[in-house]
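Chemist: Structure below; questions to follow.
Number of protein chains: 4
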Amino acid sequence: MGKKIKLGIIGGGGDSLIGVLHRVASFTNDNFEIVGGVFNPNWEENIGFAATIGLGTDRIYKDFDTFISQECALPAAERIEVVSVLTPNFLHFPMAKKLLENGFHVICEKPLTTSLEEAYILQDIAQKTKAVFAVTYTYTGYPMVRQMREMIREGAIGTIQKVDIQYYQGWINPVIHDSEKRKAVWRLDPSKAGISCCMGDIGTHAFNMAEYLTGLEVNSLLAALNTLYEDNSLDIDGTVLLRFSNQVRGLIRTSQIATGEENAFQVKIYGTKGGLLWEQEQPNAVTLLSEGKPLQVYTPGHPYNSELSLKGTKLPPGHPEGIFDAMANIYLGVAQAVRKEPYDAGEFPPIRDGVRGMQFVAQCVASDKAGNQWVDL
Amino acid sequence: MGKKIKLGIIGGGGDSLIGVLHRVASFTNDNFEIVGGVFNPNWEENIGFAATIGLGTDRIYKDFDTFISQECALPAAERIEVVSVLTPNFLHFPMAKKLLENGFHVICEKPLTTSLEEAYILQDIAQKTKAVFAVTYTYTGYPMVRQMREMIREGAIGTIQKVDIQYYQGWINPVIHDSEKRKAVWRLDPSKAGISCCMGDIGTHAFNMAEYLTGLEVNSLLAALNTLYEDNSLDIDGTVLLRFSNQVRGLIRTSQIATGEENAFQVKIYGTKGGLLWEQEQPNAVTLLSEGKPLQVYTPGHPYNSELSLKGTKLPPGHPEGIFDAMANIYLGVAQAVRKEPYDAGEFPPIRDGVRGMQFVAQCVASDKAGNQWVDL
Amino acid sequence: MGKKIKLGIIGGGGDSLIGVLHRVASFTNDNFEIVGGVFNPNWEENIGFAATIGLGTDRIYKDFDTFISQECALPAAERIEVVSVLTPNFLHFPMAKKLLENGFHVICEKPLTTSLEEAYILQDIAQKTKAVFAVTYTYTGYPMVRQMREMIREGAIGTIQKVDIQYYQGWINPVIHDSEKRKAVWRLDPSKAGISCCMGDIGTHAFNMAEYLTGLEVNSLLAALNTLYEDNSLDIDGTVLLRFSNQVRGLIRTSQIATGEENAFQVKIYGTKGGLLWEQEQPNAVTLLSEGKPLQVYTPGHPYNSELSLKGTKLPPGHPEGIFDAMANIYLGVAQAVRKEPYDAGEFPPIRDGVRGMQFVAQCVASDKAGNQWVDL
Amino acid sequence: MGKKIKLGIIGGGGDSLIGVLHRVASFTNDNFEIVGGVFNPNWEENIGFAATIGLGTDRIYKDFDTFISQECALPAAERIEVVSVLTPNFLHFPMAKKLLENGFHVICEKPLTTSLEEAYILQDIAQKTKAVFAVTYTYTGYPMVRQMREMIREGAIGTIQKVDIQYYQGWINPVIHDSEKRKAVWRLDPSKAGISCCMGDIGTHAFNMAEYLTGLEVNSLLAALNTLYEDNSLDIDGTVLLRFSNQVRGLIRTSQIATGEENAFQVKIYGTKGGLLWEQEQPNAVTLLSEGKPLQVYTPGHPYNSELSLKGTKLPPGHPEGIFDAMANIYLGVAQAVRKEPYDAGEFPPIRDGVRGMQFVAQCVASDKAGNQWVDL
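Chains as they are written, first to last, in numbering that gives the first Met the number 0: chain A, 0 to 376; chain B, 0 to 376; chain C, 0 to 376; chain D, 0 to 376.
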């Protein structure tokens, strides 16, 4: 480590939950210092928020364009190096694009963009500028998710033959049944949320997890989405059948009307030798099923854990780390990449994962519109 | 209760697991006495098994036809009243048919028959003879399954909006990857197992559970089955998308290649007010999710349980009953029906449930063959 | 197996829970047939109950003495061989004594007697008559309890260094706080329950489990009992510190005022290599902790299980068996002993275990009375 | 919030685990900025560590005395306000004393001191200087621990009648059985660890939790400690019987030879209406047992949670926060106290809790030495 990396933040002010998550993550491993940004389009709130979090206001800018022009006017050594984009979805693309074009590294919230075309454009630019670009699929930062990835890679469950990933929430139930209430939800408004609600918001996490863990690519899918009401145009529930590169079958199950569920993101992967089970709400345990043997539960911080898992664990076994620590591990990965230190490909989700997510959403919608037909990915 | 009902058993000899399950179930509530049957087509083994279980050999018959003719020759008061058919699947139809035609009540293992046509024929005869006919979907005998049924009926989770039922096992993994081994498995032989392995064996349990619990009917389905190898013709894994009568969506997930899983039959049902979760491997707990409230776990034997649940619980809370007790509850239901005592429709699965199961399997195969198209049920 | 063993039952009529438990257990493995007994001191109820459970009334006797005299008058080959004593505690001694003296084998509910002296007398007689004598510490019949015993014996956790056994229930809470109500509870009446309520009823199970599993003997103990109210003379809660034969320390924690607990009998045993954890309310899982390795969960019915465990498991993995099956395993053990077939010492608790239980209760009360001093056992 | 509070840190350099825990906690709620300290007695390591965590070296001092003199020489507005003492136990007293005498607020790791006398002295000084003084019993920072405290206060389980707190670890097992290895462990060296190993290290957490949650005081105790080997003078396992102010009984069970356990700190508290169960390894769930009702599981972030719990929860339900977040909540409490903002007494453990912890350890040792006699507290 050493000198801290200068971090700027766009968005995430006020009582933004994603804001506190990124701030704490940036501090956690002593790699970043927040030096400025634009927390809010409203100047009073912007500057007020900076004060609230104890930040000097020299480099709090009135808007994104000013941020770019002023920062670029600074000597290279003083300039913000990495920018976290925490704005509403439709701003991800124009901001990330301009940041890349002006030489910044980018940490961008998911979904990467609101259309697949934008995603491809961003990916092209990022490849040209050789910037570090991370898409915050936060859950890949959990040590036990990384442990699963390594175990699969090393053959702990043999050749994969079945993938089943669930992401069930109940948060939309209280609004979906009232036509007035549901109109007021931005995630159900196509002009703000894009072509999908449920698949875009949580289906992408499930899809990313599937490819992250297995090292396989999904080749085609069949999606059945549910909008529940005729006057609601975006999915709030859906099941997606998957065929992976090597004919492996799988499925992704998502719902925002699984009433009473909190954030029930669950992974089940089976191979020729055994299976792996993980639940986000108990992130510090991975269950390994092995044919003919007692099941085993892996927990973080042990010598038996993979290097990638241990790198993301700060305390000894039995001291639960949580989602802030998962995000911190992604920031740690970015710091290493920015400093050109060695790091593992599993340490942060690159822009490719953001693009894949956009492909997934687009094809889910296409399959559903076609009457639940198989479509390529 | 009072005088015991005379029970005959066809099949279930030797080290048959289903045999011991039915025998213990018949004893448990003091309703039945086993008076005879045909345990095995081989006379030595047949008679030997009767001795092993301490049964007199007077009414052990050399074959099914002799069973029928000899029992029918007895005075009505001495005759066996109920016959449990525990034979291989393809014998269910001819035996159950003849039993019905000769005035016996029947308890038949699932699947009811090997074809849908046979199922319809049996149903017709059963309706004419007014016999009691139970199909042993054993899992519906668990007190907490019955509790869920009653809770749903009484509105505990509001109007159902999502049904997700899993039945994962790993038992076929050790044989499926070796072409010689898999040829030796009767469940993978269409001449013995019929048109389906996985859907017929465990998919039917999941389907029955879906309709049993919700009180809804599945109207159409889209199935994607997996045989894993080209030279294997029967499914060993599959996902089925469901549309229920009132447009409710659901899915059934089954696998016999979920390596390391034992008997992971799991239910998740969500409504407008909450959700219900149950796992067969922990049968004595039902989790009720209620929007905005702490989750609750219901266990058997409490005054707060439904009458239907309590009727199936013999001991106070905290004394785990298991699958033998679930089957015993089904036998209790049959005993009441035979004695023309009042009983609840949920106390044993009637022949209609066996027919529905056959419809389900047939349409899963049809949907898959059609390239994963929606088909009516 | 073969010819069934003739079983008599004393007590257990009406809606007795222990009655149905013993009856089902006796049927389960096809070893016993109930041929007679005395279910109730009231003749109408006695004979009525026999009818209810479908039993012929020839050998239902009006009282215990008649049972003895009439049965002894029968030819040896027709005589009842084993008698299950399910009466209130104070009758265990006189009945078991007379049964032994008249050549019967005995299955006796716990606690064995109401005083230690009686226990020693019974033990002496049993040794002389060489009768089979089982005390139904039911929980030792669970396959996973037997699995633990074998694992410990084989060194899975190394040398034992810590034993912690909990038995928490909440059933007495609703009555203990009302002086009228608590007077009406027979378990709190010294004339019926003897010198202890909590230790006698559930502490003895915990104590038996400690010695059953570890193969060690408790050498001394320090007990702190709680009666909660001055006008209540029997313990309803208590903690007992233990010193085992080899200086191993342990403790037993019991309560009947652990409000809301059902039957939370939990075992934690640690050795130099690892630990074993088991909970009665989830009886089909044993957790093995091994230093430096992922924890493992053992379940019944696998080839990896011990022979003693497998002998007590009737179905394949994932088909939960319960407490009826645990008791059935004890009856199976008795059947083998009666038939002079080989059996493992762990298959049923012998009279010695009943005597040890009485010693334990007596010394807990003595230690507590002495102001929580160490006393020898 | 607003201007950040100037924080100094003594100790916690190198790969100190407690160091990273405090640093992240101080950042998390944007209240503190670390401006200096003494991370290590070795100057090279001290200054090197500061660089590693990206801290300017202006206010990194060569030793504690220099820290005091230099900081005190600064204008009040620039001076460090709060100092976290993360040094070995024996330094807590002299450092905290001098810090208090020079007007600093103190956050001190537990145990507060190495003797009870020192604890009393510190408490006296702290009361005189009116400094904010927090002892980091970290586990009280968990939102669900705070939820339990509030639920008990509001009568959710009625009047408390039984307290059972476990703290089992296995970490000392690998060293305790080898006489050379155990001599090398500082926690087993009385000159460094004081009069107790197990009770001092983890027993104090259990004791603090007991009083924190119940609002009761322990009046007397009986302790049985275990050193396992004659040549080991400090306890590595022990059980403590408790009598609380109102005659409530309880116990604390601790072990460092519970082989295979990680950090199994578990709480069970029962009252006249129900019980509460919590496990540190699953910190985001509290189980409420209520007589005659289904058990309930409370999780963080819901409107049904207490204010004190919600204040310590940053994200919506289902996003697990961990032990870093628990410590952050304690720092938040301190920040409010330093700023003289309103805060709840449950937001950080005051010096009194440190003193109580020292009393507890002293009396455990005294009771054990007296042959397991009751001693007052």
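We put the CB at the ideal spot given by N, CA and C, even for glycine.
Source: prediction; values computed, not measured.
If you compare alpha carbons, which of A/G18, A/N30 and A/H21 is closest to A/V419?
Modeler: The structure shown does not extend to residue 419 of chain A, since chain A spans only 0 to 376, so no value can be given for it.
Chemist: Going along chain A in order, which residues have a C-beta closer than 8 Å to the C-beta of C/K368?
Modeler: Here the premise fails: no neighbours, minimum Cβ distance about 41 Å.
Chemist: Report the option in C/S254, C/I8, C/S308 and C/Q279 whose CA atom is closest to the CA atom of D/I268.
Modeler: It is C/S254 whose Cα lies nearest to the Cα of D/I268.
Chemist: Please check if any C-beta of chain C sits within less than 9 Å of the C-beta of B/M0.
Modeler: The pLDDT assigned to B/M0 is 49, lower than 50, so where the model puts this residue is not dependable; a value taken from the coordinates is nonetheless given after this. It does: the Cβ of B/M0 has a partner Cβ on chain C nearer than 9 Å.
Chemist: B/G345: which of B/I120, B/K310 and B/N231 sits nearest, CA to CA?
Modeler: Selected option, being the one with the closest Cα: B/K310.
Chemist: For the pair the stretch 293-300 of chain C and the stretch 292-301 of chain A, tell me if three or more CB-CB distances fall below 8 Å.
Modeler: A contact exists between the stretch 293-300 of chain C and the stretch 292-301 of chain A.
Chemist: Does the stretch 208-224 of chain A come within contact of the stretch 241-248 of chain A, defined as at least 3 CB pairs closer than 8 Å?
Modeler: Short answer: they touch.
Chemist: Please go through the same chain and pick out, in chain order, the residues whose beta-carbon is closer than 7 Å to the beta-carbon of D/M0, but skip the five residues on each side of it.
Modeler: For D/M0, the predicted structure reports a pLDDT of 49, less than 50, and the residue's modelled location is therefore unreliable. The matter cannot be settled from this model.
Chemist: Quick check on DSSP: helix, strand or coil for D/I175?
Modeler: Correct three-state label for D/I175: helix.
Chemist: Looking at B/V37: is its Cβ nearer than 9 Å to the Cβ of B/I4?
Modeler: No.
Chemist: If the cut is a Cβ gap below 7 Å, which residues of chain A does D/H318 touch?
Modeler: Residues of chain A passing the Cβ test: N262 and I322.
Chemist: Could you tell me whether the Cβ of D/I52 comes closer than 9 Å to any Cβ of chain A?
Modeler: Interface residue, yes.
Chemist: Is A/H456 helix, strand or coil by DSSP?
Modeler: It is not possible to answer for residue 456 of chain A, since the shown part of chain A is limited to 0 through 376.
Chemist: Cβ of C/D188 less than 9 Å from any chain B Cβ?
Modeler: Cβ-Cβ to chain B under 9 Å: no for C/D188.
Chemist: Roughly how many whole angstroms lie between the Cα atoms of D/F13 and D/F48?
Modeler: Correcting the residue type first, residue 13 of chain D is Gly in the shown sequence and not Phe. Rounded to the nearest angstrom, the two C-alpha atoms are 6 Å apart.
Chemist: Would the stretch 148-165 of chain D and the stretch 112-130 of chain D be scored as touching if the rule is three or more Cβ pairs under 8 Å?
Modeler: No contact exists between the stretch 148-165 of chain D and the stretch 112-130 of chain D.
Chemist: Cβ of D/Q417 within 9 Å of Cβ of A/G321?
Modeler: Absent from the model: residue 417 of chain D. The displayed extent of chain D is 0 to 376, so no value can be given.
Chemist: With a cut-off of 8 Å, do at least 3 Cβ pairs link the stretch 61-80 of chain B to the stretch 105-120 of chain B?
Modeler: In short, these stretches do not touch, since the Cβ pair count stays below three.
Chemist: Hey, is the stretch 221-229 of chain C in contact with the stretch 359-374 of chain C, meaning 3+ C-beta pairs nearer than 8 Å?
Modeler: Counting Cβ pairs under 8 Å, three or more are found: they touch.
Chemist: What whole-angstrom Cβ distance do B/M379 and B/I164 have, given they're in contact under 8 Å?
Modeler: Chain B is shown from 0 up to 376; residue 379 of chain B falls before or after that span and cannot be answered.
Chemist: Could you tell me which chain C residues have their CB closer than 9 Å to the CB of A/V296, listed as they occur along the chain?
Modeler: Per Cβ cutoff of 9 Å: T286, P293, L294, Q295 and V296.
Chemist: Among residues of its own chain, excluding the 5 on either side of D/A263, which ones have a beta-carbon nearer than 6 Å to its beta-carbon?
Modeler: Taken in chain order, the residues that qualify are Y167.
Chemist: Mind pulling the chain D residues with CB within less than 9 Å of B/Y303?
Modeler: By Cβ distance, chain D contributes G291, K292 and P293.
Chemist: Output the boundary residues of the beta strand (DSSP E) element that contains B/E306.
Modeler: It is not in any beta strand (DSSP E) - B/E306 instead sits in the alpha helix (DSSP H) that spans E306 to K310.
Chemist: Answer with buried or exposed for B/Q126, where buried requires no fewer than 16 other C-beta atoms within 10 angstroms of its C-beta.
Modeler: Label assigned to B/Q126: exposed.
Chemist: At which residues does the alpha helix (DSSP H) containing C/Y427 begin and terminate?
Modeler: Here chain C comprises residues numbered 0 to 376, so residue 427 of chain C is not present and cannot be evaluated.
Chemist: Report the start-end ranges of each alpha helix (DSSP H) in the stretch 64-117 of chain C that is 4 residues or longer and not cut off at the edges.
Modeler: 88-100, all fully within the stretch 64-117 of chain C.
Chemist: In the DSSP assignment, find the beta strand (DSSP E) that holds B/F347 and state where it starts and stops.
Modeler: First-last for B/F347: undefined, no H or E at that position.
Chemist: Residue range of the alpha helix (DSSP H) that A/A192 falls in?
Modeler: Where A/A192 is concerned, the enclosing alpha helix (DSSP H) stretches over P189 to A192.
Chemist: For my contact list, A/P348 and A/T139 are in at a C-beta cut-off of 8 Å; report their separation, rounded to the angstrom.
Modeler: Right, the Cβ-Cβ distance comes to about 6 Å (below 8 Å), so this counts as a contact.
Chemist: Between B/S289, B/G274, B/L314 and B/E70, which lies nearest to B/T213 when the distance is taken from Cα to Cα?
Modeler: Out of B/S289, B/G274, B/L314 and B/E70, B/G274 has the C-alpha closest to the C-alpha of B/T213.
Chemist: Our contact map puts D/T286 next to C/T258 with C-beta atoms below 8 Å; I'd like the distance itself, whole angstroms only.
Modeler: Wrong, their Cβ atoms sit about 13 Å apart, outside the cutoff.
Chemist: Cα-Cα, which of B/T65, B/Q69, B/G7 and B/L85 is closest to B/L54?
Modeler: Nearest option by C-alpha distance: B/G7.
Chemist: Span of the alpha helix (DSSP H) holding A/Q146?
Modeler: It spans P142 to R152 - the alpha helix (DSSP H) in which A/Q146 sits, taken as one unbroken run.
Chemist: Give the residues of chain A in contact with D/V23, contact being defined as C-beta atoms less than 7 Å apart.
Modeler: Under the 7 Å cutoff, chain A gives F26 and T27.
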